[in-house]
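S.K.: First, the structure itself, so that you have it in front of you.
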Amino acid sequence: MSIETPLPPWFKKITQSIPNYSIGLQIRREYRHISMGIRALRLKDIDAIFIFEIYNQHLLGILPLLALRGKQVFISLHGNQQFAMNSQIKFFGLVYLKTYLQLFNNLKVVLFETDDHVIPEKFRLPASSKIIIPHPILSEVTPKLLPGERLPLDTKIKIGVVGMIRKDKPISKLITKLQKHLGSKADQCELIIGTPFGQKPNYLDQLGVSLYDTTKEEDYIRVLKQIDILVIHYDKERYYYRTSGVISDAGSCGCYIIASDYPVINHQVNFPVPIGATFSTFDEIGSLIDQAITHIRQKGQDNHWIWREQRSAAAIAKLLFPHNT
Numbered sequence: 259m260s261i262e263t264p265l266p267p268w269f270k271k272i273t274q275s276i277p278n279y280s281i282g283l284q285i286r287r288e289y290r291h292i293s294m295g296i297r298a299l300r301l302k303d304i305d306a307i308f309i310f311e312i313y314n315q316h317l318l319g320i321l322p323l324l325a326l327r328g329k330q331v332f333i334s335l336h337g338n339q340q341f342a343m344n345s346q347i348k349f350f351g352l353v354y355l356k357t358y359l360q361l362f363n364n365l366k367v368v369l370f371e372t373d374d375h376v377i378p379e380k381f382r383l384p385a386s387s388k389i390i391i392p393h394p395i396l397s398e399v400t401p402k403l404l405p406g407e408r409l410p411l412d413t414k415i416k417i418g419v420v421g422m423i424r425k426d427k428p429i430s431k432l433i434t435k436l437q438k439h440l441g442s443k444a445d446q447c448e449l450i451i452g453t454p455f456g457q458k459p460n461y462l463d464q465l466g467v468s469l470y471d472t473t474k475e476e477d478y479i480r481v482l483k484q485i486d487i488l489v490i491h492y493d494k495e496r497y498y499y500r501t502s503g504v505i506s507d508a509g510s511c512g513c514y515i516i517a518s519d520y521p522v523i524n525h526q527v528n529f530p531v532p533i534g535a536t537f538s539t540f541d542e543i544g545s546l547i548d549q550a551i552t553h554i555r556q557k558g559q560d561n562h563w564i565w566r567e568q569r570s571a572a573a574i575a576k577l578l579f580p581h582n583t
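Whatever position you read off the sequence shown (first residue = 1), add 258 for the numbering used here.
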């Protein structure tokens, strides 16, 4: 189940008319959380529910509904433990969740990639209530190179930056660094950027690089399937303890990943085998790109096929339901 469900037009119109955008947004999110709980109560012939994402500050109404359902419920917080460090209301929501986890054995929290030992103790969850799984892959796409297959030597390596450009995904400095490093490699490499054009900053049009609109999911996937090396940087305050959906999608398509060196992302890129590398400073990116090009030429996308095996639906099912396999 996901909170990203359509809202009734009348409700959306009323909340969007509220002068304070933040208030309207929180009301819409509260509606979606309660709606998930009500849908959970109405579901028939199911044994378990997976809540893909939930917000700490909107748990008051939904947790009783999920607990009353009586079925196994898996809740993904997707970084909300970290957000609780800087928000009092998100912290209270986390405390509220911990109470429910201790009272109801059918409620479990799913952590992606790693245990929460990398964050301060008071923000961690009860050991008996946690299940750790790798971030699921896109099963409908595969790496473009088969095991043992290599790119022709005269093929340009495509290096890409993909995703929505917002404050927690600052890329202007990253793009500048990439352009500077690739300036002398124009015959070997090509830089491309994929982002939803509805949110595209004007400065991107002045960079002289290939731009692709990724508003539609099929266009987003098409861009990822073109790219050989994905370079991505995240704000530490929001992604230090959080997986990246773009990294998962790009890895599914066979992209070599160069990303910020945060604990969860590091594990995402390196488990069970490396499909990329991480950096602590922008000064490392140039050498990592050179290493990536060598890796692709010599080893293709062989590791990606191994990386996928423990991230498939079947592999994750064994972790969620160990007694049923």
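We put the beta carbon where it would ideally sit given N, CA and C, even for glycine. Note that the coordinates shown come from a computational prediction; the quantities given were computed from them, not determined experimentally.
Is it buried or exposed, Asn582, if we count other Cβ atoms within 10 angstroms and call 16 or more buried?
M.R.: Taking the sequence shown and counting its residues from 1, one reaches residue 582 at position 324. By the 10 Å Cβ count, Asn582 comes out exposed.
S.K.: Buried or exposed: which applies to Phe579, given that a residue is buried once 16 or more other Cβ atoms fall within 10 Å of its Cβ?
M.R.: In the sequence shown, residue 579 corresponds to position 321, counting from 1. Classification of Phe579: exposed, given that the 10 Å Cβ count is below 16.
S.K.: In this structure, how does DSSP classify Tyr289 when only helix, strand and coil are distinguished?
M.R.: Walking along the sequence shown from the start, residue 289 turns up at place 31. In this structure, Tyr289 counts as helix in the three-state DSSP scheme.
S.K.: If we count Cβ pairs, one from each stretch, closer than 8 Å, do we get three or more for the region 354-373 versus the region 312-329?
M.R.: Cβ pair count under 8 Å is three or more, so yes.
S.K.: Apart from the five residues just before and just after Thr273, which ones in its own chain have a Cβ nearer than 6 Å to its Cβ?
M.R.: As a working note, residue 273 is residue 15 in the sequence shown. Here the set comprises Gly282, Ile285, Arg286.
S.K.: Does Lys483 come out as helix, strand or coil in the three-state DSSP assignment?
M.R.: Position 225 of the sequence shown, counted from the first residue, corresponds to residue 483. It is helical.
S.K.: Between Ile554, Ile523, Tyr289, which lies nearest to Thr536 when the distance is taken from Cα to Cα?
M.R.: Translated into positions along the sequence shown, residue 536 becomes position 278. Closest option to Thr536, Cα to Cα, is Ile523.
S.K.: Is it the case that the Cβ atoms of Ile451 and Leu462 are separated by a distance below 9 Å?
M.R.: Position 193 of the sequence shown, counted from the start, is the residue given in the question as residue 451. Position 204 of the sequence shown, counted from the start, is the residue given in the question as residue 462. Yes. Within cutoff.
S.K.: Run the CB neighbour count on Glu371, radius 10 Å, all protein chains shown included, and call it buried at 16 or more, exposed below.
M.R.: As a first step, residue 371 must be located in the sequence shown, where it is residue number 113. Its Cβ being crowded by 16 or more others within 10 Å, Glu371 is buried.
S.K.: Look at the Cβ atom of Ile485, then the Cβ atom of Cys447, and state whether they are nearer than 9 Å.
M.R.: For the purposes of this step, residue 485 is identified with residue 227 of the sequence shown, where counting begins at 1. For the purposes of this step, residue 447 is identified with residue 189 of the sequence shown, where counting begins at 1. Result no, Cβ atoms of Ile485 and Cys447 do not sit closer than 9 Å.
S.K.: Give me the Cα-Cα distance between Val565 and Leu432, rounded to the nearest whole angstrom.
M.R.: Against the sequence shown, residue 565 aligns to sequence position 307. Against the sequence shown, residue 432 aligns to sequence position 174. The sequence given here places Trp at residue 565; Val does not occur at that position. Their Cα atoms are separated by approximately 27 Å.
S.K.: For Asp471, which of helix, strand or coil comes out of DSSP?
M.R.: Position 213 of the sequence shown holds residue 471. Looking at Asp471 - three-state DSSP - the assignment turns out to be strand.
S.K.: Going by DSSP, what residue range makes up the alpha helix (DSSP H) through Ala325?
M.R.: Along the sequence shown, read from residue 1 onward, the residue named residue 325 stands at position 67. Note, Ala325: alpha helix (DSSP H), 317-327.
S.K.: Output yes or no for whether 9 Å exceeds the beta carbon distance between Ala550 and Ile490.
M.R.: Along the sequence shown, read from residue 1 onward, the residue named residue 550 stands at position 292. Along the sequence shown, read from residue 1 onward, the residue named residue 490 stands at position 232. Contact flag unset, no.
S.K.: To the nearest angstrom, how far is it from the Cα of Pro532 to the Cα of Gly295?
M.R.: Taking the first residue of the sequence shown as 1, we reach residue 532 at position 274. Taking the first residue of the sequence shown as 1, we reach residue 295 at position 37. Approximately 39 Å between the Cα atoms of the pair.
S.K.: Hey, how far is the Cα of Gln464 from the Cα of Thr413?
M.R.: Start at 1 with the first residue of the sequence shown, and residue 464 comes out as number 206. Start at 1 with the first residue of the sequence shown, and residue 413 comes out as number 155. Using only the alpha carbons, I get a separation of about 26 Å.
S.K.: So, at 6 Å on beta carbons, what are the nonlocal neighbours of Phe310 in its own chain, with the 5 sequence-adjacent residues on each side left out?
M.R.: Looking up residue 310 in the sequence shown gives position 52. Around Phe310: Ser260, Ser334.
S.K.: Does DSSP put Ile417 in a helix, a strand or coil?
M.R.: Within the sequence shown, numbered from 1, the residue matching residue 417 stands at position 159. Strand, per DSSP.
S.K.: With a cut-off of 8 Å, do at least 3 Cβ pairs link the region 414-423 to the region 376-396?
M.R.: With a cut-off of 8 Å, the region 376-396 and the region 414-423 do not count as touching, because too few Cβ pairs lie within range.
S.K.: Exposed or buried, which one is Ser518 when buried takes at least 16 other CB atoms within 10 Å?
M.R.: Here residue 518 corresponds to residue number 260 of the sequence shown, with the count starting at 1. Ser518 should be labelled buried.
S.K.: Looking only at its own chain, which residues have a Cβ that is under 8 Å from the Cβ of Ile574, when we skip the five neighbours before and after it?
M.R.: As a position in the sequence shown, residue 574 is number 316, starting the count at 1. Answer for Ile574: Ile391, Pro392, Pro394, listed in chain order.
S.K.: So, is Ile320 buried or exposed, given that buried needs 16 or more other C-beta atoms within 10 angstroms?
M.R.: Sequence index remark: in the sequence shown, residue 320 carries index 62 (1-based). Flag for Ile320 reads buried.
S.K.: So, with DSSP's three-state summary, where would you put Val331?
M.R.: As a working mapping, residue 331 is identified with position 73 in the sequence shown. Three-state DSSP puts Val331 in a strand.
S.K.: Determine which residues share a DSSP beta bridge with Ala572 and list them.
M.R.: Within the sequence shown, numbered from 1, the residue matching residue 572 stands at position 314. Per DSSP, none; premise fails for Ala572.
S.K.: By alpha-carbon positions, which one of Leu396, Asn344, Ile429, Ser293 ends up nearest to Ser506?
M.R.: Here the question's residue 506 lines up with position 248 in the sequence shown. Residue Leu396 is the option with its Cα nearest to Ser506.
S.K.: State the Cα-Cα distance for the pair Arg555 and Asp548, rounded to the nearest angstrom.
M.R.: As a working note, residue 555 is residue 297 in the sequence shown. As a working note, residue 548 is residue 290 in the sequence shown. Arg555 and Asp548: Cα-Cα distance of roughly 11 Å.
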